[in-house]
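Trainee:
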Amino acid sequence: MTSMTETFHQALQNALAGRNTVSIRSTLIEMLEREPSKSELSAARKAARKIAENGDAVLISLLPDQAGADAYVPTARGAKTQASNYLTVDEKIIKDLPCRVELATQKWHALIDEGMRLTQQKIESDPMLKAFLPGWNTELRAEKGGRLAAKSAAS
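Count the sequence shown with my numbering and you get residues 1 to 155, in order.
1. Ser23: which of Ala48, Lys95, Asn137 sits nearest, CA to CA?
2. Report the partner residues of Val22 according to the DSSP bridge assignment.
3. CA-CA distance, Gly18 and Thr27?
4. May I ask you to report which of helix, strand or coil DSSP gives Leu32?
5. From Ile94 to Ala44, what does the alpha carbon distance come to, in whole angstroms?
6. Measuring CB atoms only, is the segment 58 to 65 touching the segment 90 to 107, in the sense that at least three cross pairs come out at less than 8 Å?
7. Using DSSP with H/G/I as helix, E/B as strand and the rest coil, what is Met1?
8. Going by C-alpha to C-alpha distance, which of Thr138, Glu124, Glu139 sits closest to Phe132?
9. Considering only residues of the same chain and omitting the five flanking positions on each side of Gln121, which have a CB-CB separation below 7 Å?
10. Which residue's Cα is closest to the Cα of Asp90: Arg117, Ser3, Leu62?
11. Can you tell me whether DSSP reads Ser61 as helix, strand or coil?
12. Please say whether Thr119 and Thr21 have beta carbons closer to each other than 7 Å?
13. Residues in the same chain with beta-carbon distance under 8 Å from Gln13, minus the five sequence neighbours each way, listed in chain order, please.
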């Protein structure tokens, strides 16, 4: 007998095979044909983290208008402005919103770093953004990983 997490893992993998960006919640709703319980959502998030840890996709938090046509749009009042978790392999989303990435393996770090550099360039070239985000600097994942490794080796 397969566990709930394994079942959701397979459902999310199947959904990713057909689309570049998959809403965890809407995939469960499609599969179960009802609103998922808290324990089912928890198992699905665990399965999504496993997929991201394996490097098959990036776990990212997106607003419905950022996720595209397949986005899960909550129906509760005011929920359209809340972010939901998605699995994506869409490089444009990852580059445009690197700060929203929740989990990615080394396989995706170069792409996320490229998005961070592009974001830094946008901020530096736009006086309005620069005024709203004084002192905002990107720390590339590769550099951060190296700094943390050196710090842990020193202690």
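The C-beta atom is built at its ideal place from N, Cα and C for all residues, glycine as well. Remember, predicted model here, so these are calculated numbers, not experimental data.
Mentor: This is what the structure holds:
1. Comparing Cα positions, the closest option is Ala48.
2. In the DSSP output, where bridge partners are listed per residue, Val22 has Leu87.
3. C-alpha separation (whole angstroms): 12 Å.
4. Helix.
5. One alpha carbon belongs to Ile94, the other to Ala44, and they sit about 21 Å apart.
6. Verdict: yes, contact present.
7. Because the pLDDT at Met1 is just 46, under 50, the model does not fix this residue reliably, and the value given afterwards should be weighed accordingly. Per DSSP, reduced to three states, the secondary structure at Met1 is coil, with no helix or strand assignment.
8. Of the candidates Thr138, Glu124, Glu139, the one whose C-alpha sits nearest the C-alpha of Phe132 is Glu124.
9. If we look at Gln121 and ignore the five residues flanking it on each side, it has no Cβ neighbours.
10. Asp90 has its Cα closest to that of Leu62, out of Arg117, Ser3, Leu62.
11. Ser61: strand per DSSP, three-state reduction.
12. In this structure, Thr119 does not lie closer than 7 Å to Thr21 by Cβ.
13. Cβ within range, chain order: Ile51, Asp56.
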